[in-house]
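Before any comments, here is the structure.
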Amino acid sequence: MPAPIPRANKRLGQHFLIDQNIVRKIVAAAELTPDDTVLEIGPGRGILTAALSRAVGRVVAIEIDAELYSMLQARTDWRNVELICADALAHPLETLPAGVIVVANLPYYISTPLLFKLLAHRPRFPRLVLMLQNEVADRLAAGPGDADYGILSVMTQYAADVTKAFKVSANCFRPRPEVGSAVVVLRPRSQSLLSPAEEARFAAVVKGAFAHRRKTVVNSLRHEGYESSNVSEALAAMHVVPTVRAEMLTLDQFMELAGRLRLRLP
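Here's what the structure looks like:
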């Protein structure tokens with residue numbers, strides 16, 4: 110008699126994908142070949158894992174839930190799936206070979222820190238195909254002037270080209286979540302746009318500029334310790350009006366602003 114299927118763990122925010130059509134669309138979006146290795150985070154009950162195992166040479170699946178891990182280990186219909194019982198946030202991604210494609214239905218409650226961890230190792234991943242809460246997907250893909258444009262948009266687009274591939278109805282999951290989802294495709298840049306030191310300054314400027322969204326960039330950065338005169342001079346040199354707010358600056362403008370402020374910071 111087969112073991113009972115574990116119930117969804119609310120603490121882990123589990124919502125299991127049940128729609129095979131969505132599975133096919135995810136696999137298609139990942140542009141997989143039989144020679145590929147895929148990293149899947151949170152395989153759950155294995156509906157996507159099974160499809161991935163048929164499409165590629167190797168699947169590495171990280172599952173934090175010990176009951177689900179045991180259930181997946183008992184399956185005999187795949188031979189190329191390596192299961193790891195671990196917290197993906199703590200697992201050393203540097204142990205994976207270069208060229209691994211990430212395909213994952215990220216748990217909502219840790220989707221942002223997981224995304225940033227993956228992007229921190231972006232030279233290892235040519236593509237990331239991620240299912241996220243729809244509003245998070247909108248923030249990743251948003252451009253200057255959009256209501257969803259913010260720190261997450263700028264920092265993600267600094268690291269990768271972002272495409273919102275398609276929406277996924279809440280009805281495609283059990284238990285049914287309260288919100289819809291979407292699949293995004295991230296293609297990390299082959300080379301960093303800035304050096305590590307420049308990147309740290311850039312991230313600090315972006316964070317400071319968005320820290321007080323209703324304020325101008327000058328005033329928001331002033332509250333974060335930057336000299337108003339320095340910020341105003343930098344914006345003037347960029348031919349940007351001093352009343353600009355963070356949500357109107359492009360990625361290139363943020364990088365230029367950080368560069369112009371570099372020599373003026375302590």
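All the letters of the sequence shown, read from the start, carry residue numbers 110 to 375 under this note's numbering. Glycine included, C-beta positions come from ideal geometry on N, C-alpha and C.
task = Pick out whichever of T325, R369, T359 has its Cα sitting closest to the Cα of V353.
result = T325
query = Mind pulling the beta strand (DSSP E) runs of 3 or more residues that sit fully within the stretch 164–238?
reply = 167–172, 190–194, 210–214
key: For K276, the three-state DSSP class (helix, strand or coil)   = Looking at K276 - three-state DSSP - the assignment turns out to be strand.
Segment limits, alpha helix (DSSP H) that includes A291 = Element bounds for A291: not the alpha helix (DSSP H) but the beta strand (DSSP E), 290–297.
task = Have a look at M180, Q182, D186, S220 and flag the residue whose alpha-carbon is nearest the alpha-carbon of H196.
result = Checking the sequence shown, residue 196 turns out to be Asp, not His. D196 has its Cα closest to that of S220, out of M180, Q182, D186, S220.
key: Where A269 falls: helix, strand or coil (DSSP)   = strand
task = Output yes or no for whether 8 Å exceeds the beta carbon distance between V292 and L223.
result = No, the pair does not count as a contact, with Cβ atoms beyond the cut-off.
ask   = Is it the case that the Cβ atoms of M347 and G254 are separated by a distance below 8 Å?
value = no
query = Whole-angstrom Cβ separation of S262 and R248, contact assumed at under 8 Å?
reply = So it is a contact: roughly 6 Å between Cβ atoms.
task = List the residues that DSSP assigns as beta-bridge partners of Q242.
result = S290
message = Taking contact to mean 3 or more Cβ pairs, one atom from each stretch, closer than 8 Å, check whether the stretch 194–213 and the stretch 135–153 are in contact.
response = yes
task = Determine the closest residue to V169 out of S338, F363, G208, A269, with distance taken between C-alpha atoms.
result = For V169, the closest of S338, F363, G208, A269 by C-alpha to C-alpha distance is G208.
query = Sorted by chain position, which residues of the same chain lie with C-beta nearer than 7 Å to A138's C-beta, five sequence neighbours on each side aside?
reply = V238, A274, V292, V294
key: Three-state secondary structure (DSSP) of R133   = helix
ask   = Can you pull the DSSP bridge partners for T146?
value = R167
inquiry  = Using a Cβ-Cβ cutoff of less than 7 Å, which residues in the same chain neighbour R184 once the five nearest sequence positions on both sides are dropped?
reply    = G155
ask   = Can you pull the DSSP bridge partners for R283?
value = F125
query = Between F311 and A268, which are expected to be in contact by the criterion C-beta below 8 Å, what is the C-beta distance as a whole number of angstroms?
reply = Contact flag wrong, Cβ pair sits at about 11 Å.
query = Considering only the beta carbon of each residue, do H124 and P305 sit closer than 8 Å?
reply = no
task = Thinking S278 and G289 are a contact (beta carbons under 8 Å), I'd like their distance in whole angstroms, please.
result = 6 Å
task = Would you mind reading off the limits of the alpha helix (DSSP H) that contains G317?
result = 305–319
key: Of the residues D361, L198, D174, I114, the one placed nearest E308, counting alpha carbons only   = Scanning D361, L198, D174, I114 for the CA closest to the CA of E308 turns up D361.
ask   = Is it true that the CB of R296 sits closer than 8 Å to the CB of D257?
value = Between D257 and R296, the CB-CB gap reaches or exceeds 8 Å.
message = Is the separation between the beta-carbon of L205 and that of L192 shorter than 8 Å?
response = no
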